[in-house]
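Heads up: the sequence shown at position 501 corresponds to 506 in the numbering used here, and the numbers run straight through without jumps.
Glycine residues also receive a C-beta, built at the ideal position from the N, C-alpha and C atoms.
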Amino acid sequence: MSYTKENITKRKFDVVIIGAGGSGLRAALELSKAGLSVAALSKVFPTRSHTVAAQGGVSASLGNMSPDNWEWHFYDTIKGSDWLGDQDAIEFMCREAPKVVYELEHFGMPFDRNPDGTIYQRPFGGHTANHGEKPVQRACAAADRTGHAMLHTLYQQNVKSKTNFFVEWMALDLIRDESGDVIGVTALELETGDLYELHAKAVLLATGGAGRIFQASTNAFINTGDGLGMAARAGIPLQDMEFWQFHPTGVAGAGVLLTEGCRGEGAILRNSDGERFMERYAPTLKDLAPRDFVSRSMDQEIKEGRGCGPNKDYILLDMTHLGAETIRKRLPSVEEIGHNFANVDITKEPIPVVPTIHYQMGGIPTNINGQVVVWDGQENKVVNGLYAVGECSCVSVHGANRLGTNSLLDLLVFGKSAGKHIVNYVNGYGEFKPMPENASDFSLSRLNKLDESSSGEYAQDVANDIRACMQLHAGVFRTQKSMDEGVKKIADIRARVGGVTLKDKSKVWNTARMEALEVANLIEVAQATMVSAAARKECRGAHTVDDYEHPADDPKYPLGRNDIDWLKHTLWYSAANSLEYKPVQLKPLTVPSVPPKVRTF
Ligand SMILES: Cc1cc2nc3c(=O)[nH]c(=O)nc-3n(C[C@H](O)[C@H](O)[C@H](O)COP(=O)(O)OP(=O)(O)OC[C@H]3O[C@@H](n4cnc5c(N)ncnc54)[C@H](O)[C@@H]3O)c2cc1C
6 MSYTKENITK
16 RKFDVVIIGA
26 GGSGLRAALE
36 LSKAGLSVAA
46 LSKVFPTRSH
56 TVAAQGGVSA
66 SLGNMSPDNW
76 EWHFYDTIKG
86 SDWLGDQDAI
96 EFMCREAPKV
106 VYELEHFGMP
116 FDRNPDGTIY
126 QRPFGGHTAN
136 HGEKPVQRAC
146 AAADRTGHAM
156 LHTLYQQNVK
166 SKTNFFVEWM
176 ALDLIRDESG
186 DVIGVTALEL
196 ETGDLYELHA
206 KAVLLATGGA
216 GRIFQASTNA
226 FINTGDGLGM
236 AARAGIPLQD
246 MEFWQFHPTG
256 VAGAGVLLTE
266 GCRGEGAILR
276 NSDGERFMER
286 YAPTLKDLAP
296 RDFVSRSMDQ
306 EIKEGRGCGP
316 NKDYILLDMT
326 HLGAETIRKR
336 LPSVEEIGHN
346 FANVDITKEP
356 IPVVPTIHYQ
366 MGGIPTNING
376 QVVVWDGQEN
386 KVVNGLYAVG
396 ECSCVSVHGA
406 NRLGTNSLLD
416 LLVFGKSAGK
426 HIVNYVNGYG
436 EFKPMPENAS
446 DFSLSRLNKL
456 DESSSGEYAQ
466 DVANDIRACM
476 QLHAGVFRTQ
486 KSMDEGVKKI
496 ADIRARVGGV
506 TLKDKSKVWN
516 TARMEALEVA
526 NLIEVAQATM
536 VSAAARKECR
546 GAHTVDDYEH
556 PADDPKYPLG
566 RNDIDWLKHT
576 LWYSAANSLE
586 YKPVQLKPLT
596 VPSVPPKVRT
606 F
């Protein structure tokens with residue numbers, strides 16, 4: 006049976022949230038506590054969202070184990086971002102951090118404890134005391150299962166406050182009315198294959214990252230960038246998509262993450278000479294320099310022939326000196342991962358690692374209330390009714406490189422602030438805006454095109470080609486030539502996405518249909534990334550291009566970067582595959598600006 010207007014089911018909610026990871030759940034809590042009717046959709050059971058895999062911690066300047074304050078956190082985040090982060094949003098996040106972490110503690114989060122009962126905190130990459138003097142202990146942790154503990158805590162609070170969950174549902178497209186306001190979404194119930202039109206006063210995108218546009222990734226298979234695809238198709242730009250974080254320690258050959266918490270607890274990276282090479286690259290912070298820095302240093306060692314193993318293509322992470330007792334107490338999952346994915350007993354021998362794609366710094370542009378904004382050349386204009394939080398959004402606090410543990414913090418801070426803003430918005434909203442007759446036509450046509458196809462390519466073949474292309478042309482080290490080739494290849498692959506076929510047309514739990522729909526999102530994210538990357542002619546944060554490396558003493562580029570031309574955010578528009586730019590907000594809310602300077606550690 007094909008999809009028709011007549012068999013669409015229609016429902017109304019004050020708010021529809023797409024995504025039940027940490028950010029979606031934190032926002033949902035504000036809404037259901039305020040008594041709004043909330044539908045939280047998720048492709049998987051909420052506690053299986055990728056937030057569950059977060060290991061290392063959530064940052065907040067509690068100062069439980071070493072002196073700390075929010076201004077040091079603010080400074081580190083700006084420097085970590087290579088000055089591309091907006092300083093107003095960063096101030097807001099770092100000031101709010103202790104509050105939202107204590108709130109989480111009071112929700113029942115089982116943090117590890119110090120002997121005096123306070124929350125245990127470990128050092129993490131780029132987090133320092135007194136503006137870079139030495140590492141500080143800022144990452145609040147529950148062993149190496151912080152995300153697991155956090156997601157379950159938030160889920161339980163939502164059950165208590167009676168949030169409606171729509172489990173195993175896939176949102177397809179945003180619905181905008183004539184004035185451009187967002188008034189709902191279309192979604193598939195995966196169990197039945199039925200199409201729904203969900204009418205809402207506000208829609209919140211909390212769909213997480215899109216790490217699955219790369220071949221080797223620490224991300225869950227569901228991280229296909231659906232929210233970004235939905236926004237791009239609805240005419241909303243994607244911001245700073247050239248900036249993708251490579252985590253230094255993915256298990257070589259497997260991609261599974263070994264948390265930076267390993268190095269926080271004292272683990273050391275070694276090359277084939279057994280040398281602790283980070284001492285050469287970052288004399289002060291060493292193995293705890295920010296991720297872009299460490300990943301590049303590792304790649305450099307491999308390039309110069311000091312990689313380990315028969316093919317000299319990985320680095321060793323050595324934890325043997327920490328002792329089995331500390332490892333079992335602080336890093337129990339890492340020990341398990343060692344056994345299961347590398348056949349290594351990390352208490353006795355070092356484990357092979359390589360930089361692996363981990364996090365997208367860019368996303369759907371928002372302000373600190375989670376409202377989606379579009380730059381009109383002069384100022385940010387709010388898209389009424391549309392909000393975004395979490396990894397799919399770009400507020401932007403992470404700029405060109407995120408500091409470890411700042412993402413879980415971002416979910417809590419902006420999940421809460423968006424939730425609060427939505428409550429006010431909905432309370433002042435009045436009646437539902439009328440739903441246009443043709444609201445679901447676009448989704449219907451996408452579904453029916455798949456159902457009517459009798460020949461064409463499998464979605465997975467196209468998805469695999471996207472991944473291979475991104476891995477090759479948008480890696481740790483980039484060259485202009487390779488990125489330009491990538492732009493052409495991705496355009497060719499985009500043309501193939503329209504020709505994807507669905508062999509199995511059945512309705513009930515048809516994962517092939519879901520994968521075919523996901524490819525339409527992967528390609529938006531991949532093209533945004535490739536085109537934005539090829540256009541940025543400088544090195545900044547995670548975007549390192551061989552052609553534009555300048556030594557810090559180059560008189561033309563005294564900071565190593567090109568701040569004259571490129572201290573600005575990228576905005577990619579899908580319809581014309583075109584770019585615009587907007588200035589970075591260098592002015593914080595209340596404190597003096599941190600002016601751009603050289604980034605050494
Ligand atoms: C292995 C790993 C370890 C990490 N460790 C840390 C750490 O220690 N500290 C830190 O700060 N950060 C860490 N990060 C990053 C951080 O965990 C993520 O950025 C963050 O959890 C993302 O949360 P989110 O709420 O944005 O999305 P997610 O938790 O990814 O949730 C996305 C939700 O959206 C739903 N969804 C997606 N598409 C659709 C659709 N079309 N329809 C319906 N629902 C949809 C999914 O089902 C899911 O519920 C880690 C990341 C990884 C991958």
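If distances are taken between C-alpha atoms only, which option among the options comes closest to residue i?
| i | options | result |
| --- | --- | --- |
| His-153 | Asn-372, Ala-423 and Arg-53 | Arg-53 |
| Ala-294 | Phe-129, Lys-308 and Tyr-80 | Phe-129 |
| Lys-317 | Val-377, Ser-66 and Val-359 | Val-359 |
| Met-114 | Gly-27, His-574, Leu-290 and Pro-556 | Gly-27 |
| Ser-458 | Val-388, Lys-510 and Ala-221 | Lys-510 |
| Val-378 | Ala-221, Thr-82, Leu-408 and Tyr-392 | Tyr-392 |
| Asp-182 | Gly-433, Gly-390 and Pro-600 | Gly-390 |
| Tyr-319 | Thr-331, Thr-352, Thr-361 and Leu-327 | Thr-361 |
| Thr-123 | Asn-69, Leu-507, Asp-278 and Arg-100 | Asn-69 |
| Glu-543 | Met-175, Phe-482 and Pro-600 | Phe-482 |
| Gln-376 | Ala-211, Gly-546, Thr-168 and His-478 | Ala-211 |
| Lys-17 | Pro-600, Glu-202 and Glu-306 | Glu-202 |
| Gln-465 | Gly-480, Met-488, Phe-437 and Gly-504 | Gly-504 |
| Lys-291 | Gly-279, Pro-140 and Val-431 | Pro-140 |
| Ala-102 | Asn-411, Arg-545 and Leu-322 | Asn-411 |
| Asp-46 | Val-603, Val-20 and His-326 | Going by the sequence as given, residue 46 is Leu instead of Asp. Ranking the options by Cα distance to Leu-46, first place goes to Val-20. |
| Ile-471 | Pro-355, Asn-385, His-136 and Thr-534 | Thr-534 |
| Glu-462 | Ala-521, Ala-531 and Arg-296 | Ala-521 |
Can you give me the start and stop residues for the alpha helix (DSSP H) that residue i sits inside?
| i | result |
| --- | --- |
| Leu-30 | 27-38 |
| Asp-93 | 92-112 |
| Ile-498 | 485-502 |
| Lys-15 | Not the alpha helix (DSSP H): Lys-15 falls in the beta strand (DSSP E), residues 14-23. |
| Leu-263 | Segment: none, Leu-263 is in no alpha helix (DSSP H) and carries neither H nor E. |
| Thr-82 | 75-85 |
| Lys-334 | 329-335 |
So is residue i buried or exposed if we call it buried at 16+ other beta carbons inside 10 Å?
| i | result |
| --- | --- |
| Val-402 | buried |
| Ile-569 | exposed |
| Gly-310 | exposed |
| Trp-249 | buried |
| Phe-282 | buried |
| Leu-594 | exposed |
| Asn-163 | buried |
| Glu-396 | buried |
| Phe-226 | exposed |
| Leu-381 | The sequence shown places Asp at residue 381, rather than the Leu named in the question. So Asp-381 counts as exposed. |
| Ser-422 | buried |
| Val-43 | buried |
| Val-589 | buried |
| Ala-539 | buried |
Just to confirm the assignment, what range does the beta strand (DSSP E) spanning residue i have?
| i | result |
| --- | --- |
| Leu-416 | Premise fails: Leu-416 lies in the alpha helix (DSSP H), 411-432, not in any beta strand (DSSP E). |
| Trp-577 | 573-578 |
| Arg-407 | Counting along the chain, Arg-407 falls outside any beta strand (DSSP E), and DSSP gives it neither H nor E. |
Per DSSP, which one or two residues make a beta bridge with residue i?
| i | result |
| --- | --- |
| Gln-376 | Tyr-392 |
| Cys-145 | Val-63 and Gln-126 |
| Met-155 | According to DSSP, which records beta bridges pairwise, Met-155 is partnered with nothing at all. |
| Tyr-201 | Thr-14 and Ala-192 |
| Asp-323 | Ile-273 |
| Asn-169 | Ala-44 |
| Val-398 | It is worth fixing the name first, because residue 398 is Ser in this sequence and not Val. Ile-369. |
| Trp-174 | Glu-194 |
| Phe-608 | Nothing about residue 608 can be read from this structure; the chain reaches only from 6 to 606. |
| Phe-482 | Thr-549 |
| Asn-385 | Trp-380 |
Measure from the C-beta of residue i to each C-beta in chain D and report whether the shortest distance is under 8 Å.
| i | result |
| --- | --- |
| Ile-427 | The displayed structure is made up of one protein chain only, and chain D is not part of it. |
* Asked: Quick check: the segment 186-197 against the segment 439-455, are there 3 or more CB pairs under 8 Å?
  -> Contact holds: three or more Cβ-Cβ distances are below 8 Å.
* To do: State whether the segment 433-441 contacts the segment 44-64, with contact taken as three or more CB pairs (one from each stretch) at a distance under 8 Å.
  => For the pair of segments examined, the segment 433-441 was found not to touch the segment 44-64: the number of CB pairs separated by less than 8 Å stays below three.
* Taking one C-beta from the segment 519-538 and one from the segment 230-240 each time, how about it: are there three or more such pairs within less than 8 Å? -> Using a Cβ-Cβ distance cut-off of 8 Å, the segment 519-538 and the segment 230-240 are in contact, since at least three pairs of beta carbons, one from each stretch, lie closer than that value.
* Would you check if the segment 259-273 and the segment 557-566 touch, i.e. whether three or more CB-CB distances between them fall below 8 Å? => Contact between the segment 557-566 and the segment 259-273 is absent, with fewer than three C-beta pairs closer than 8 Å.
* With a cut-off of 8 Å, do at least 3 Cβ pairs link the segment 134-151 to the segment 19-39? -> Too few Cβ pairs lie closer than 8 Å, so no.
* To do: Could you tell me whether the segment 553-560 touches the segment 61-81, using the rule of 3 or more Cβ pairs below 8 Å?
  => No: fewer than three Cβ pairs fall under 8 Å.
* To do: Please determine if the segment 416-429 and the segment 204-223 are in contact, where contact requires at least 3 C-beta pairs separated by less than 8 Å.
  => Taking a cut-off of 8 Å on C-beta distances, the segment 416-429 touches the segment 204-223, as three or more cross pairs fall below it.
* Would you be able to state if there are at least three C-beta pairs under 8 Å between the segment 26-42 and the segment 89-104? => Judged by Cβ distances under 8 Å, the segment 89-104 makes no contact with the segment 26-42, as fewer than three pairs qualify.
* Asked: When the Cβ atoms of the segment 285-293 are set against those of the segment 326-339, are three or more pairs found closer than 8 Å?
  -> They do not touch, by the three-pair rule.
* Asked: Would you call the segment 216-233 and the segment 332-349 in contact, with 3 or more CB pairs under 8 Å?
  -> The segment 216-233 is not in contact with the segment 332-349.
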